[in-house]
Amino acid sequence: MRFLSTHRRHPLAGYAVLLFGLLLAGALYYAFAPGKAEADTAGDTAKIDEGRQLFLVGCASCHGMNAEGIMTKRGGNYGPSLIGVGAAAVDFQVGTGRMPLAQTAPQAPNKPPVYDEDETEALAAYIASLAPGPAIPDEEYTDVSEISQEDLTRGGEFFRTNCTACHNSVGAGGALPSGRYAPPLRNVSARHIYEAMQTGPQQMPVFSDDVVTPEDKRAIIAYIKNVQAQPQGGFGGGGLGPVVDGMFAWIIGIGGLVAVSVWLAAHGARVKKKRS
Amino acid sequence: MSSESHDAQPSDGVAQPTGDEVARPPRNDIEPAEPIENPGLPEHLPRPTDVDPKLEKRAERQVAGMFTAAIILTIGFCVAYFTIPKDAVIFGWFSLNLALGLTLGGALFLIGIGAIQWAKKLMKDHEIIEMRHPARSSDDDREAALGVLDEGVAESGFGRRPLIRRSLIGAVAILGLPAIVMLRDLGPLPGNKLFHTVWRKGMRVVNDVSGIPLRPSDIEVGQLVNAQPAVFFETDSHGHAVFHGTELLQAKAKASVIAVRIRPDDIKPRKGQANWDVDGIMVYSKICTHVGCPISLWEQQTHHLLCPCHQTTYDLADGGKVIFGPGKRPLPQLPLAVDSDGYLIATSDFHEPVGPSFPEVNQHRD
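Chains as they are written, first to last, in the numbering used here: chain A, 74 to 349; chain B, 12 to 377.
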């Protein structure tokens, strides 16, 4: 303390105090400031550049050079704008092979992905850099290995309320008008299911995180995985229920019995020789 | 055909067509001759098992073998029932169900085909023709029956004692009255129940299952929310749910709604419903106006809502108009507003009956 009191009138004392104050303010800011957006780091900038290169080659012909979308002459949508769709939409569309589109059709089917994981990540980073949008979900919400029975039950309620109308009660999928369909949910990864709910691809409605919370989404995914892991007796028949089972029993079962009866009555070996 | 089988036929009503019957000339001018001559039965040919005792013996062993296998399978069913654990799985199927089905099904199948084999290979198979009997009873029988009836009427004094007769007829006739009176249990008449739901002015629209109230900012363009009136998630002063049990289900059957958000430019509201949306968020009844199925097959890009039961399709951007299918009335829309806390609320009940149409649907009732 003696050192400070004897040197307080030193010509450099003012600068020393100023420096100390600045350092303290900086340290406090560093401690309490929100984490910087990841897109600012050098690695992500490279990723965005790589994504942009891939986009210009593979996507820009429909979605426009700057992902602004292309309108047809009649005002239709040649390729929708991707500004603000977020990384989640890219990860879903490219990761399930729906994009790039192979041909114009009522609906883009899922197929083996064209881009590998790194390329998909780069494309997602580029699209995410254009405008804020839903990010790829945290693993916390897509890991359903340790789900409680309570959450599973709740997930079932959410699934039956929001999803079964199109995707069927066990996620076997279903038909929609004009050649469109709700795809089956078997073998779809938890992350892609989450992203589909979040972004609403194609005709599927959006189920935003504000209404169906990430915890609810995790419960829904857990229910889908659980219900599809259960062994089904005999042939599942799409889990469509007793009406379809009954139809098969009547048409194929009863019809088969009639056909066999007719065949049995019409056949039988005979010999020309009379019994002696 | 062998002679003993011919003799074994009962003489009454069973006849063998003979050559002269077939060639009989027409009895008169009205009944013409058969256009194609009756060819009669084909010649009866014996089966291999009829002529070869070895084959006959073999068929006998086959049939007995099938029946014996059926016995073994049935015992196998009982063994499987007690020994196979309930949750064991084989090839993705429950082992127990598979084993029970295969053993019991196999046993029934073997009994069936054993019986068929027996009938086709070993049982006598000569053709017989059984002629129809006349349906009328003989005159003697008819007279005897009428005699018994007349005797009963005479002995009971039914005709002689009009007091008893009339009171009995009255007693039996009035038995119809309880049946008519009990029709009252079909009621009471619904009154104005079909015209109202639990939606009230100021009631919040909440997400189904979780009960989260909805803010306009929570709902994105293209979003679908399966929603309910907030009252289903509220409790009264004693902490009991306001609606529960059957009452809840009945109220839900009318009050369930879906909220969707469509780009405001795409919306063509129905006449008089121009301001019923909030920035493109619209709430419609979830109950199909055809026969009342809950509908939420929502195509976000075409704005079409499809009923899975009979394919009625509504265009929600066009005031819920029916564009396909058997539905007649457009889907009722719930007028919306935002309350002081920023949550979506109804500004009134539905202005028209929700769900399937009924004869009085167009009457105005409060």
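Using N, Cα and C, we set each Cβ at its ideal position, and we do this for glycine too. Keep in mind the model is a prediction, meaning the values are calculated, not measured.
Residue from V242(B), A262(B) and P53(B) whose Cα sits closest to the Cα of H137(B): The residue given as residue 137(B) occupies position 126 in the second sequence. Checked all of V242(B), A262(B) and P53(B); the closest Cα to H137(B) is P53(B).
Relative to the C-alpha of G131(A), which candidate in L101(A), D164(A) and M172(A) has its C-alpha closest? Taking the first residue of the first sequence as position 1, residue 131(A) is located at position 58. Answer by Cα proximity: M172(A).
Excluding five sequence neighbours on each side, which residues of the same chain lie with their C-beta closer than 8 angstroms to the C-beta of K279(B)? In the second sequence, residue 279(B) corresponds to position 268, counting from 1. Hits under 8 angstroms: A328, D329 and G330.
Inside the region 157-230 of chain A only - beta strand (DSSP E) runs reaching at least 3 residues: Listed in chain order, nothing qualifies, since the region 157-230 of chain A has no complete beta strand (DSSP E) run of 3 or more residues.
So what does DSSP say about H240(A), is it helix, strand or coil? As a working note, residue 240(A) is residue 167 in the first sequence. Collapsing the DSSP output to three states places H240(A) in a helix.
Out of A201(A), L85(A), V284(A) and A295(A), point me to the one whose CA is closest to I266(A)'s CA. The count along the first sequence starts at 1 and reaches residue 266(A) at position 193. Distances from the alpha-carbon of I266(A) to those of A201(A), L85(A), V284(A) and A295(A) put A295(A) closest.
What would DSSP say about E245(B), mapped onto helix, strand or coil? The residue labelled residue 245(B) in the question sits at position 234 within the second sequence. Note: E245(B) maps to coil in three-state DSSP.
Stretch pair the region 166-178 of chain B + the region 311-320 of chain B: three plus CB contacts closer than 8 angstroms: At 8 angstroms Cβ cutoff, the stretches do not touch.
Is H321(B) close to the ligand FAD? I mean its beta-carbon at under 7 angstroms from any heavy atom of the ligand. The model on display carries no ligand, and the ligand FAD is accordingly not part of it.
With distances taken between CB atoms, is the gap from Q275(A) to A181(A) smaller than 8 angstroms? Against the first sequence, residue 275(A) aligns to sequence position 202. Against the first sequence, residue 181(A) aligns to sequence position 108. A contact, by the Cβ cut-off of 8 angstroms.
Beta strand (DSSP E) runs contained entirely in the region 174-212 of chain B, provided each spans 3 or more residues: Taking only runs of at least 3 residues, no beta strand (DSSP E) segment lies wholly in the region 174-212 of chain B.
With DSSP as the reference, label I356(B) as helix, strand or coil. In the second sequence, residue 356(B) corresponds to position 345, counting from 1. Strand at I356(B).
P343(B) to L355(B), Cα distance in whole Å? On the second sequence, residue 343(B) is found 332 positions in, with the first residue counted as 1. On the second sequence, residue 355(B) is found 344 positions in, with the first residue counted as 1. Roughly 18 angstroms separates the two Cα atoms.
Counting only runs of 4+ residues fully inside the region 279-334 of chain B, write out the alpha helix (DSSP H) ranges in chain order. You should have found no qualifying run.
Closest to A292(A) by C-alpha separation, out of A178(A), D117(A) and R233(A), would be which residue? Residue 292(A) sits at position 219 when you count from the first residue of the first sequence. The residue with the shortest Cα to Cα distance from A292(A) is R233(A).
Determine the DSSP secondary structure at P64(B), reduced to helix, strand or coil. Counted from its first residue, the second sequence places residue 64(B) at position 53. Helix.
Could you list the residues in the region 213-234 of chain B with a C-beta less than 9 angstroms from some C-beta on chain A, going in chain order? Close to chain A, meaning a Cβ-Cβ distance shorter than 9 angstroms, are the following residues of the region 213-234 of chain B: N218, D219, V220, S221, I223, L225, R226, S228, D229, I230, E231, V232, G233 and Q234.
The region 264-278 of chain A: which residues have C-beta closer than 8 angstroms to a C-beta of chain B, in chain order? Taking 8 angstroms as the Cβ-Cβ cut-off against chain B, the residues of the region 264-278 of chain A that qualify are G273, Q275, Q276, M277 and P278.
Where D164(A) meets chain C, residues with beta-carbon distance less than 7 angstroms: Absence of chain C from the displayed structure is noted, the protein chains being A and B.
Run of the alpha helix (DSSP H) containing L259(B), from where it starts to where it stops: Counting from one through the second sequence, the residue named residue 259(B) turns up at place 248. Run containing L259(B): G256 to A266, per the alpha helix (DSSP H) assignment.
In chain order, what residues of the same chain have a beta carbon less than 8 angstroms from the beta carbon of I325(A), not counting five sequence neighbours either side? Taking the first sequence and counting its residues from 1, the one referred to as residue 325(A) is at position 252. Result list for I325(A): empty, nothing under 8 angstroms.
What is the DSSP secondary structure of P364(B), reduced to helix, strand or coil? Taking the first residue of the second sequence as 1, we reach residue 364(B) at position 353. It is coil, neither helix nor strand.
In chain order, what residues of the same chain lie with their CB nearer than 6 angstroms to the CB of I200(A), ignoring the 5 residues before and after it? To locate residue 200(A), count along the first sequence from 1; it is residue 127. For I200(A), where only same-chain residues beyond five positions count, the Cβ hits under 6 angstroms are L155 and V163.
Are the region 202-216 of chain B and the region 246-266 of chain B touching by the rule of at least three beta carbon pairs closer than 8 angstroms? Judged by Cβ distances under 8 angstroms, the region 202-216 of chain B makes contact with the region 246-266 of chain B, as three or more pairs qualify.
How is M134(B) classed by DSSP in three states: helix, strand or coil? Residue numbering aside, residue 134(B) sits at position 123 when the second sequence is read from its first letter. Three-state result, M134(B): coil.
Can you list, in chain order, the residues of the region 93-110 of chain B whose Cβ is nearer than 7 angstroms to any Cβ on chain A? Going along the region 93-110 of chain B in chain order, one finds V100, G103, W104, F105 and N108 with a Cβ nearer than 7 angstroms to chain A.
Which of the three DSSP states, helix, strand or coil, is assigned to Q301(A)? Taking the first sequence and counting its residues from 1, the one referred to as residue 301(A) is at position 228. When secondary structure is reduced to three states using DSSP, Q301(A) falls in the helix class.
Nearest residue (CA-CA) to E194(A), options Y102(A), A322(A), R253(A) and A119(A): The residue given as residue 194(A) occupies position 121 in the first sequence. Residue A119(A) is the option with its Cα nearest to E194(A).
Can you list the residues of chain A that D309(B) reaches, using a CB-CB cut of under 7 angstroms? As a position in the second sequence, residue 309(B) is number 298, starting the count at 1. Rather than Asp, the amino acid found at residue 309(B) in this sequence is Trp. P278, listed in chain order.
On the three-state DSSP scale, how would you describe E111(A)? As a first step, residue 111(A) is located in the first sequence; it is residue number 38 there, counting from the start. Confidence at E111(A) is low in this model, with a pLDDT of 49, below 50, so its placement is unreliable and the value that follows should be read with caution. Of the three classes helix, strand and coil, the one that applies to E111(A) here is helix, per DSSP.
Counting only beta-carbon atoms, is P257(A) nearer than 8 angstroms to chain B? Translated into positions along the first sequence, residue 257(A) becomes position 184. So, not an interface residue.
In its own chain, which residues sit with a C-beta less than 6 angstroms from the C-beta of I297(A), not counting the 5 before and 5 after it? Locating residue 297(A) in the first sequence gives position 224, counting from the first residue. So the qualifying residues of the chain are G244 and L258.
With 8 angstroms set as the bound, which would you pick, yes or no: does the beta-carbon of M12(B) sit closer than that to a beta-carbon of chain A? For the purposes of this step, residue 12(B) is taken as the residue at position 1 of the second sequence. A caution first: M12(B) carries a pLDDT of 39, below 50, which makes its placement in the model too unreliable to give a value.
Check A99(B) in the structure and name its three-state DSSP category. Within the second sequence, numbered from 1, the residue matching residue 99(B) stands at position 88. In this structure, A99(B) counts as coil in the three-state DSSP scheme.
Cutoff 7 angstroms; reference A80(B); Cβ partners in own chain excluding five residues on either side: Taking the second sequence and counting its residues from 1, the one referred to as residue 80(B) is at position 69. Taken in chain order, the residues that qualify are L121.
For T215(A), count the other beta carbons within 10 Å of its own beta carbon; 16 or more makes it buried, fewer makes it exposed. Which is it? Within the first sequence, the letter at position 142 stands for residue 215(A). Buried, by the Cβ-count rule.
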